[in-house]
């Protein structure tokens, strides 16, 4: 494999994880909505980078398979944490609604 130079603005592994988590969430949301509430440019702005910096960093980390797999394992873990948190929040709302309805029926 050809040696890939470090990008001029190298993102840390944790910065790449955070960026890829955000990109994954936006990409997933596009499957459920006709409107694009957020695009990649807004994610890049939030992370204070541009698309070229992302591509350069992605290519750099792809050239280092062990680091890249570590990054994606972290992305997967964080996405699962988010999903678990949302599932628990939904359960809390359902339980609250059941208690509320039960109390309303007693009146």
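In our numbering, the protein residues as written are 470 to 576.
Just so it is clear, CB atoms sit at the ideal spot from N, CA and C, and this is done for glycine as well.
Looking at the structure shown, is residue 475 part of a helix, part of a strand, or coil, going by DSSP?
In the structure shown, residue 475 sits in coil (DSSP, three-state: anything other than H, G, I, E or B).
Go ahead and label residue 521 buried or exposed: buried means 16 or more other beta carbons lie within 10 angstroms of its beta carbon, across all protein chains shown.
By the neighbour-count rule (16 or more Cβ atoms within 10 Å), residue 521 is not buried but exposed.
Residues in its own chain within less than 8 Å of residue 492 by CB, not counting five upstream and five downstream?
Cβ neighbours of residue 492 beyond the five flanking positions: 509 and 512.
Can you tell which of 472, 476, 486 and 471 has the C-alpha that lies nearest to the C-alpha of residue 536?
Ranking the options by Cα distance to residue 536, first place goes to 486.
So, with DSSP's three-state summary, where would you put residue 498?
Looking at residue 498 - three-state DSSP - the assignment turns out to be helix.
Taking the alpha-carbon positions, what's the residue 480 to residue 496 distance?
Going from the Cα of residue 480 to the Cα of residue 496 covers about 21 Å.
Would you mind giving the Cβ-Cβ distance between residue 540 and residue 471, rounded to the nearest angstrom? I have them listed as a contact below 8 Å.
Contact flag wrong, Cβ pair sits at about 20 Å.
Taking 8 Å as the cut-off, decide whether the C-beta atoms of residue 548 and residue 516 are in contact.
Cβ distance not < 8 Å, so residue 548 and residue 516 don't count as in contact.
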